[in-house]
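Residue 148 in UniProt numbering sits at position 148 of the sequence shown, and the numbers go up by one each step. Every residue, glycine too, gets a C-beta built ideally from N, C-alpha and C.
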Amino acid sequence: MSIKKYVKFATKSFALPNVCVRLRELLDCPRSSAEDIGNLISIDPSLTAKVLRLANSSLFRFPSQIESVSKAINVIGGEALYNLVISETASTAFKCFDSELIDLKQHWHASVYSGMLAKHLAMSTNAKVIERFFVMGILQNLSELVVAKRSPELYQQYLDSDKSLLPYQRQKQLFGFTFAHCSGIILESWNLPIGLFYPITHVNDVARQSSDREIGVLALSNRIAVRQLDKENHSDIELFTSEIANTVSLDMEMVSNATDYAERETVKIAALIR
């Protein structure tokens with residue numbers, strides 16, 4: 001099946017909640033205020049509670065309590081708030097594509113772990129809007145659920161394929177595309193910002209890893225996640241390929257710090273969103 005058919009299946013099966021669309025419109029409108037945005041989020045008490053819990057979590061580590069959405073906007077910024085809303089929406093999307101072939105709890109944990117790695121590495125490189133990297137880490141394997149749901153027999157072949165190859169290599173070999181590439185196109189079709197879908201779409205493109213720092217950071221976090229989550233097959237994976245090293249000026253101590261952070265915080269953050 002072509003990548004276009006999986007994207008079509010995903011977009012027909014799940015649409016972004018209206019609050020995501022309206023929030024994006026308000027953030028892009030120069031006349032909107034923090035009060036306007038706060039009023040929009042506050043319509044949904046459950047979303048409000050989750051956003052405030054996340055704003056007060058270890059994702060931000062602010063010294064004082066954030067007690068309202070408007071304060072969250074003033075303290076963390078509108079884009080960070082948008083990324084929190086998209087993160088919360090992601091858990092709903094994951095459940096929409098639940099499959100018997102995938103342990104959803106384990107998949108969610110791995111996705112949040114990748115997001116925490118990406119966020120910490122991005123922070124170490126002084127990237128802008130670092131929460132965006134957390135969202136990218138979560139969403140990049142969304143299409144794995146889509147593929148498993150739409151083509152269970154083919155996905156089973158993927159599970160049984162040669163695990164000495166890296167996951168993206170196995171995906172490319174069997175499907176003709178990587179899960180990240182498919183996820184990026186799905187996110188683009190949902191009209192998410194280019195700063196979210198572009199790095200995901202091209203994360204396995206070695207040429208772009210060598211020229212685009214954001215893609216390099218995301219690619220590095222993926223390799224770390226593979227090493228940490230599949231030690232049986234990939235404990236010796238090369239982290240700093242020549243392409244990644246060309247754009248990401250980090251060292252193994254920073255990688256160790258990111259790993260420690262992700263392992264310490266993932267369970268707490270995953271529980272807050274779900």
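Under 8 Å by Cβ, that's how I've got residue i and residue j pegged, so tell me the actual separation to the nearest angstrom.
| i | j | result |
| --- | --- | --- |
| L86 | V75 | First, the residue type needs correcting, since residue 86 is Ile and not Leu in the sequence shown. Their Cβ separation, rounded to whole angstroms, is 19 Å, which puts I86 and V75 out of contact at 8 Å. |
| M116 | E238 | The pair is not a contact, with the Cβ atoms about 22 Å apart (cut-off 8 Å). |
| Y261 | H120 | 5 Å |
| S57 | I269 | 6 Å |
| L229 | Y113 | 7 Å |
Considering residue i, what are the terminal residues of the alpha helix (DSSP H) in which it resides?
| i | result |
| --- | --- |
| I76 | V69 to I76 |
| S256 | M252 to I273 |
| K5 | I3 to S13 |
| E188 | F179 to S189 |
| Q209 | V206 to Q209 |
| C29 | Premise fails: C29 is in no alpha helix (DSSP H) and is neither H nor E. |
| L47 | P45 to A55 |
| K172 | P167 to F175 |
| D36 | A34 to S42 |
| I194 | I194 to T201 |
| S143 | L142 to R150 |
Which residues in the same chain have their Cβ closer than 8 Å to the Cβ of residue i, if we skip the five residues on either side of it in sequence?
| i | result |
| --- | --- |
| Q157 | L174 |
| D36 | L26 |
| T125 | R213, V217, V248, S249 and L250 |
| H109 | T266, V267 and A270 |
Quick one: what's got a C-beta closer than 6 Å to residue i's C-beta in the same chain, skipping five residues either side?
| i | result |
| --- | --- |
| K172 | T178 |
Quick one: residues in its chain with C-beta nearer than 7 Å to the C-beta of residue i, no 5 flanking neighbours on either side, listed in chain order?
| i | result |
| --- | --- |
| L16 | T89 and W190 |
| S151 | M1 |
Contact the region 125 to 145 vs the region 100 to 117: 3+ CB pairs below 8 Å: yes
Residue ranges of each alpha helix (DSSP H) within the region 220 to 247, 4 or longer: 231 to 234 and 242 to 247
Inter-stretch contact (C-beta, 8 Å, three-pair minimum) for the region 38 to 53 and the region 182 to 189: no
Meets three-Cβ-pair contact criterion under 8 Å: the region 23 to 31 and the region 194 to 206: no
Meets three-Cβ-pair contact criterion under 8 Å: the region 239 to 251 and the region 129 to 136: no
Within the region 78 to 130, ranges of the alpha helix (DSSP H) (whole runs, at least 4 residues): 78 to 96 and 104 to 124
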